[in-house]
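Following UniProt numbering from start to finish, the sequence shown increments by one per residue and tops out at 476.
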Amino acid sequence: MPHILIVEDETIIRSALRRLLERNQYQVSEAGSVQEAQERFSIPTFDLIVSDLRLPGAPGTELIKLGQGTPVLIMTSYASLRSAVDSMKMGAVDYIAKPFDHDEMLQAVARILRDRQTAASHAPEPASKATASAKGGAGNHNGEIGIIGSCPPMQDLYSKIRKVAPTDSNVLVQGESGTGKELVARALHNLSRRAKAPMISVNCAAIPESLIESELFGHEKGAFTGASAGRAGLVEAADGGTLFLDEIGELPLEAQARLLRVLQEGEIRRVGSVQSQKVDVRLIAATHRDLKSLAKIGQFREDLYYRLHVIALKLPALRERGADVNEIANAFLARQSARVNRTDLKFAPDAEQAIRHYAWPGNVRELENAVERAVILCESPEISADLLGIDIELSDLDDEEFIGLAPQQGGANNSSHEPTEDLSLEDYFQHFVLEHQDHMTETELARKLGVSRKCLWERRQRLGIPRRKTGVASES
């Protein structure tokens with residue numbers, strides 16, 4: 001059982017994180033500061049350290065040196081996101097922004113521990129990893145690629161990943177929302193010569209438009225109001241490694257011009273600076289939108305599109321993957337069962353049939369949420385089809401984690417979870433956003449709705465509610 005050290009000075013956060021990790025079969029120790037951690041534990045003996053960046057006394061980055069090779073995951077608030085870049089340069093294996101989603105934290109922890117185990121087992125023979133992968137390509141779970149499924153379109157994708165990964169070519173990953181585009185990006189990174197360098201992931205839709213250039217390219221002191229010190233950007237943090245830009249179709253045109261310079265010249269210029277500096281970055285971009293069509297109407301730079309489109313990898317929708325859907329569902333069932341300490345759960349025949357034949361408009365993300373819901377609600381060893389909630393109204397789902405389900409047709413329903421007497425959850429969301437977006441920023445809207453900025457953006461896309469420029473600009 002992996003042993004994780006949590007270093008966090010806020011007792012509530014530390015306790016909640018400890019409970020989350022212990023529920024998922026991790027052994028956990030905790031401390032409120034670097035000094036306390038030193039006094040109580042032998043820090044290098046842990047498998048992973050999860051630490052807040054800002055701590056009383058010494059910062060969390062001190063644990064990178066004290067850990068003597070133990071991976072350190074840094075937690076940081078959005079306001080100090082740029083400080084996380086410095087943490088990566090100092091040797092942190094990754095960072096996660098507060099407030100974090102539980103699944104996001106668990107995925108990061110599992111990935112780091114898996115990467116550490118893989119690195120340890122393959123350290124003497126780095127070339128053997130790709131060889132073993134090529135031999136095992138016909139298997140259902142494709143080794144270090146980390147994606148489940150064996151249908152012909154996925155086998156073709158695995159083959160392309162192995163061919164493309166060792167190169168430095170830019171890659172555009174296309175596919176519907178929820179198909180697993182970031183998994184493809186991480187597989188490309190892990191199988192590349194840059195695997196030991198950081199992979200910096202950025203969701204272009206989740207950062208306010210007024211801040212995106214500063215976040216990506218950094219800024220000099222005094223470049224704008226509030227820039228009290230110079231900061232490196234996320235592109236600079238990815239130097240020597242991989243930069244993954246998710247939802248690149250949402251990148252403003254000004255930022256697109258700067259990104260084009262990175263790809264053409266291999267250099268960046270911080271906001272407010274007159275000098276450029278060289279960077280060695282491999283770019284992987286992802287989108288569910290048609291960039292070529294956006295380029296034709298002037299919403300995406302055509303020259304950037306052709307720079308990105310060197311290699312295009314297409315992820316099939318879940319409904320196009322045949323029997324893979326049941327295999328993926330069983331993998332999610334095993335994971336969720338372990339979280340709640342249930343070893344007796346299995347899908348009933350009607351559930352297996354429903355999983356196989358449902359269209360899954362939200363793709364793998366929707367499937368995972370449906371399985372999680374079923375595991376939580378199931379009281380018998382067999383999960384029936386109705387527990388999956390596939391054909392129910394969205395208002396029956398009172399947990400924001402079930403955002404993958406597409407809106408259903410029909411009128412009002414009688415769910416007891418409705419936010420008002422006659423509005424479904426989607427209706428309420430649409431009504432609230434339209435009523436308040438003129439005087440609230442995206443961050444404020446998301447906070448009031450109890451969702452993340454990314455979730456707010458995704459729902460805007462699905463419901464056809466464009467983001468107001470005035471609301472975004474006011475966040476600067």
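Glycine is no exception: its CB is placed at the ideal position from the N, C-alpha and C atoms.
Note that the structure is predicted; figures quoted are calculated from it, not measured.
Would you report the Cα separation of residue i and residue j, rounded to the nearest angstrom?
i	j	result
Leu226	Leu283	The residue you asked about is not Leu; residue 226 is Gly in the sequence shown. Approximately 30 Å, taken between the alpha carbons.
Ala359	Arg319	5 Å
Gly57	Gly32	10 Å
residue 484	Glu368	Absent from the structure is residue 484, since the part of the chain shown begins at 1 and ends at 476.
Leu216	Glu442	19 Å
Pro59	Met105	21 Å
Lys163	Ile311	11 Å
Leu66	Ile49	11 Å
Trp457	Ala206	7 Å
Ala286	Leu63	33 Å
Arg114	Leu191	14 Å
Gln35	Ala92	19 Å
Gln277	Asp386	57 Å
Ser133	Asp280	Reliability of the predicted coordinates at Ser133 is poor, the pLDDT of 32 falling under 50, and no value is obtained from them.
Leu245	Leu17	28 Å
Gln264	Pro381	57 Å
Phe100	Ala338	21 Å
Ser51	Glu435	39 Å
Ala187	Ala165	8 Å
Glu379	Ala331	20 Å
Ser293	Pro252	16 Å
Arg116	Pro153	30 Å
Asp344	Gln299	52 Å
His431	Lys89	44 Å
Buried or exposed: where does residue i fall if 16 or more other Cβ atoms within 10 Å of its Cβ makes it buried?
i	result
residue 480	In the structure as shown, the chain starts at 1 and stops at 476, and residue 480 therefore has no counterpart that could be examined.
Leu377	exposed
Leu157	buried
Glu267	exposed
His189	buried
Asp438	exposed
Val340	exposed
Thr61	buried
Arg342	exposed
Arg373	buried
Glu209	buried
Ser214	buried
Ser15	exposed
Tyr306	exposed
Gly222	exposed
Pro466	exposed
Ile297	exposed
Ala229	exposed
Ala329	buried
Arg40	exposed
Ser452	buried
Gly362	buried
Gln68	exposed
Gln174	buried
Are residue i and residue j closer than 7 Å when you measure CB to CB?
i	j	result
Ala351	Ile383	yes
Leu243	Ile200	yes
Val274	His219	no
Glu176	Ala323	no
Leu53	Thr70	no
Phe429	Arg462	no
Asn203	Glu247	yes
Cys455	Arg321	no
Gly240	Ala197	yes
Ile74	Ser87	yes
Val364	Gln336	no
Arg55	Asp9	Checking the sequence, you will find Leu at residue 55 rather than Arg. Their beta carbons are under 7 Å apart, which means Leu55 touches Asp9 by this criterion.
Less than 8 Å between the CB atoms is what I'm expecting for residue i and residue j, so what's the real figure, rounded?
i	j	result
Val72	Ala37	Their Cβ separation, rounded to whole angstroms, is 11 Å, which puts Val72 and Ala37 out of contact at 8 Å.
Glu444	Gly178	At roughly 26 Å, the Cβ-Cβ gap does not stay under 8 Å, so Glu444 and Gly178 are not in contact.
Ala354	Leu388	6 Å
Ile13	Phe46	The Cβ separation is near 19 Å, so there is no contact.
Val325	Arg356	6 Å
Tyr26	Pro44	In fact, because the Cβ distance is near 18 Å, the residues do not count as touching under 8 Å.
Arg301	Gln256	5 Å
Leu260	Leu315	Between Leu315 and Leu260 the Cβ distance is about 25 Å, and since that is not below 8 Å, they are no contact.
Leu313	Lys448	Not confirmed; about 38 Å, so no contact.
Would residue i pass as an interface residue toward chain D - the criterion being a Cβ-Cβ separation below 7 Å?
i	result
Leu48	No chain D appears in the structure shown, which is made up of a single protein chain.
Open item on the list: Taking contact to mean 3 or more Cβ pairs, one atom from each stretch, closer than 8 Å, check whether the region 17 to 29 and the region 105 to 118 are in contact.
Closed with: As far as the Cβ criterion goes, the region 17 to 29 touches the region 105 to 118, which means the pair count is three or higher.
Open item on the list: Three Cβ pairs or more, each shorter than 8 Å: is that satisfied between the region 234 to 244 and the region 152 to 171?
Closed with: Judged by Cβ distances under 8 Å, the region 234 to 244 makes no contact with the region 152 to 171, as fewer than three pairs qualify.
TODO: Examine the Cβ distances between the region 145 to 157 and the region 181 to 198 and report whether three or more of them are shorter than 8 Å.
DONE: With a cut-off of 8 Å, the region 181 to 198 and the region 145 to 157 count as touching, because enough Cβ pairs lie within range.
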